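These notes are about the structure you will find just below.
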Amino acid sequence: EAGVVQSPRYKIIEKKQPVAFWCNPISGHNTLYWYLQNLGQGPELLIRYENEEAVDDSQLPKDRFSAERLKGVDSTLKIQPAELGDSAVYLCASSLGGSGYNEQFFGPGTRLTVL
Amino acid sequence: AQSVTQLDSQVPVFEEAPVELRCNYSSSVSVYLFWYVQYPNQGLQLLLKYLSGSTLVKGINGFEAEFNKSQTSFHLRKPSVHISDTAEYFCAVSEIGYGNKLVFGAGTILRVKS
Chain X
4 EAGVVQSPRY KIIEKKQPVA FWCNPISGHN TLYWYLQNLG QGPELLIRYE NEEAVDDSQL
64 PKDRFSAERL KGVDSTLKIQ PAELGDSAVY LCASSLGGSG YNEQFFGPGT RLTVL
Chain F
327 AQSVTQLDSQ VPVFEEAPVE LRCNYSSSVS VYLFWYVQYP NQGLQLLLKY LSGSTLVKGI
387 NGFEAEFNKS QTSFHLRKPS VHISDTAEYF CAVSEIGYGN KLVFGAGTIL RVKS
């Protein structure tokens, strides 16, 4: 069974440039999550989707960050424009459902460096 | 809102020695508890979880954890570590009834020395 797929694995951009990350969850997983992991810290939830609906985006900085999951399968997270402080690892996870007992499976992450 | 404190940022230990990684949480409601492991340049992998029932939970790779409600702790233990256990370990909590929102601690780097 394929795991959560993320691309690209690494991205280096200049500040003020746009950037996008892509995530394909495990087949059949209705719930998809984007997390931000700063160096030396644990992941922090940015947004959670149930199918194509964003049910928790309270931690997403909406002035520069956006996300979509148009067909309820794969998802894209975008930053425009990027700032130096956005350098971090962006993790995608998926689970069968949105209840707390559903295990979240994580992708390998995209490491973003903003110069 | 819930929070998680991992009391040690790094734990060095010799191979075949026992280890304990400490985790305390804060929440006003009942919670589920998790330990994840992250190897370099990889995603997080679930080690074990406490949902209900027995407070002693066994996970993969010989790890176990004990839920202590009165002390709001969920410490991770292994009786004998291997070099391959070198990784970063994250404790996480999810409040029951509030969706599958995981709140993570800052992580503990376990360094196993030969």
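Heads up: the sequence lines are chains X and F, in that order.
Using this note's numbering, the letters of the first sequence map in sequence onto residues 4 to 118.
Using this note's numbering, the letters of the second sequence map in sequence onto residues 327 to 440.
For glycine and all other residues, C-beta sits at the position ideal for the given N, C-alpha and C.
Nothing here was measured: the structure is a model prediction, and the numbers come from that model.
Report the residue from the options whose alpha carbon sits nearest the alpha carbon of residue i.
i                      : options                    : result
residue 409 of chain F : F:343, F:371, F:374        : F:343
residue 384 of chain F : F:368, F:373, F:330        : F:373
residue 407 of chain F : F:389, F:429, F:351, F:357 : F:389
residue 93 of chain X  : X:79, X:118, X:40          : X:40
residue 105 of chain X : X:53, X:13, X:14           : X:53
residue 375 of chain F : F:365, F:394, F:360, F:334 : F:360
residue 382 of chain F : F:395, F:371, F:426        : F:395
residue 76 of chain X  : X:17, X:36, X:15, X:13     : X:36
residue 471 of chain F : F:424, F:440, F:415, F:364 : Outside the displayed range of chain F (327 to 440) lies residue 471 of chain F, so it cannot be described from this structure.
residue 25 of chain X  : X:100, X:81, X:86          : X:81
Confirm, please, whether the CB-CB distance from residue j to residue i is below 8 Å.
i                      : j                      : result
residue 403 of chain F : residue 413 of chain F : no
residue 432 of chain F : residue 43 of chain X  : yes
residue 78 of chain X  : residue 117 of chain X : no
residue 107 of chain X : residue 428 of chain F : yes
residue 66 of chain X  : residue 50 of chain X  : no
residue 21 of chain X  : residue 84 of chain X  : yes
residue 97 of chain X  : residue 28 of chain X  : yes
residue 354 of chain F : residue 329 of chain F : no
residue 370 of chain F : residue 411 of chain F : no
Using the three-state DSSP reduction, which class does residue i fall into: helix, strand or coil?
i                      : result
residue 406 of chain F : coil
residue 73 of chain X  : coil
residue 387 of chain F : helix
residue 60 of chain X  : coil
residue 87 of chain X  : helix
Using a beta-carbon distance cut-off of less than 7 Å, what residues from the segment 80-106 of chain X approach chain F? 94, 98, 101, 102, 103, 104, 105, 106
For the segment 5-17 of chain X against the segment 94-112 of chain X, are there 3 or more C-beta pairs whose distance is under 8 Å? yes
Contact the segment 418-434 of chain F vs the segment 24-33 of chain X: 3+ CB pairs below 8 Å: no
Are there three or more Cβ pairs, one per stretch, closer than 8 Å when the segment 391-401 of chain F is compared with the segment 335-353 of chain F? yes
Which residues of the segment 51-71 of chain X have a Cβ closer than 8 Å to any Cβ of chain F? Give them in chain order. 51, 58, 59
Short-range partners of chain X found in the segment 357-369 of chain F, where Cβ spacing is below 9 Å: 357, 358, 360, 362, 364, 367, 368, 369
Quick one, which residues of the segment 24-48 of chain X are near chain F if we go by CB-CB under 9 Å, in chain order? 34, 36, 38, 40, 43, 44, 45, 46, 47, 48
In chain order, what residues of the segment 383-397 of chain F put their CB closer than 9 Å to some CB of chain X? none
According to a CB-to-CB cut-off of less than 8 Å, which residues of the segment 371-383 of chain F neighbour chain X? 371, 372, 375, 377
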